[in-house]
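Data block below; observations after.
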Amino acid sequence: MPVVLLCGAQRAAAVPDVPPADFRLAAGMAAMAASPRGDAPPPGANDWSCRPSAEHPNPVVLLHGQFENQTIAWQAMAPMLHHAGYCVFSMNWGERSSDTWPAVAVKGRLPIEHGAAEVADFVERVRAATGADRVDFLTHSMGGLVGGYYVKFLGGADRVARFVAIAAPWNGSDHFAMSSGMQLLGAPGTSLRTAAEAALGDMSGPLPQVLTSSAFMSRMRSDGGPTVPGVAYTNLISRYDEVVVPFTSSIVDAPNVRNIVVQDGCEQDLADHLALVVDPVTAGHALAALDPDRAPAVPCVPVLPLIGN
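Take the sequence shown: its letter number 271 is residue 270 in numbering that gives the first Met the number 0, and every next letter is one higher.
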């Protein structure tokens, strides 16, 4: 059902074409079907004439996860942020140049480092257009690692103020026991394991990188962990996450990180990995993380796996 969550200085009625947030996964699927390539920006995003307000000086950049795109991931939260007074920008990362319809609609299929370089370019474009010194991130799933790699290794620590990560596999994942299986093939860099990871990568893009035992995750965990000082992180987590396994892999222990399991404050919330992006409870926590002083109370409503609200 459509849900409106507002905070801070609301936009005037000059943008009636932006609908209220619709917290149903079906809304994102319908938007994909209506887009020629299935990957158009969500409502309220990518107004390049937007100028940040004093209340919300940082534009919010949205980063989708693997096998998603900006259309399906942010159909709810982009208009929510727009109506709350933010300048909102979204992008697609990890598109394979050889893809044609319908595969072209499925993004997040290139290595995380490649996606992070795309993010670096996009952030500079947002900063140039808006005049903002820094941006805030709102990410889902592997989008958290893409944004995290940019912040840690590509100079993003000076560009990102707040980093709100939904279901980010900060410590990797043992989804379908693939990480454990890879370990049986040997340590990272051994010939058999390298061949297996390459074959899996050809089929699934950056999936081998997110396995708990991968060389990529080892690098992300180096030098104090996947986060960096000076950026305020909030992790939004579901105990019913079936992709980030165990769900505690989204938890980071650092002084500048806040970890929130959404069910701790709302037992009715049954959102799984995908439904978190169409979850009013998660959205309320995201608003509070982006603007602790002006955010409304976080709602508690029933949310179903896959479907949303």
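Built from N, CA and C at the ideal position, the CB exists for glycine as well.
Task: Counterpart residues of ILE236 in DSSP-defined beta bridges - done: VAL260
Task: 6 Å CB neighbourhood of VAL163 in its chain, flanking five on each side removed - done: LEU137, THR233, ALA285 and ALA288
Open item on the list: Only counting the same chain, and skipping five residues up and downstream in sequence, which positions put a Cβ closer than 6 Å to that of ASN364?
Closed with: With the chain covering only 0 through 308, there is no way to say anything about residue 364.
TODO: Have a look at the DSSP bridge pairing and note the partners of HIS139.
DONE: ILE165
Task: PHE66, DSSP secondary structure in three states - done: coil
Open item on the list: Below 8 Å, how does it come out for the stretch 55-74 and the stretch 23-42: are there three or more Cβ pairs, yes or no?
Closed with: yes
- [ ] Decide if LEU305 is buried, meaning its Cβ has at least 16 other Cβ atoms within 10 Å, or exposed.
- [x] exposed
- [ ] Could you tell me the boundaries of the alpha helix (DSSP H) in which PHE246 lies?
- [x] Neither: PHE246 is in no alpha helix (DSSP H) and is coded neither H nor E.
Task: Nearest-angstrom Cβ-Cβ length linking GLY171 and SER248, presumed shorter than 8 Å - done: 6 Å
- [ ] Starting from VAL87, follow the beta strand (DSSP E) in both directions and report where the run begins and ends.
- [x] 87-90
TODO: Return helix, strand or coil for GLY320, following the three-state DSSP convention.
DONE: Residue 320 is absent from the model: the chain starts at 0 and stops at 308.
- [ ] Compute the distance between the beta-carbons of SER48 and GLY84, then report whether it is under 7 Å.
- [x] no
Open item on the list: To test your reading of the DSSP string, which unbroken beta strand (DSSP E) runs of 3 or more residues are found completely within the stretch 73-131?
Closed with: 87-90
Open item on the list: According to DSSP, ASP278 sits in a beta bridge with which residue or residues?
Closed with: Answer is none; ASP278 lacks a bridge partner.
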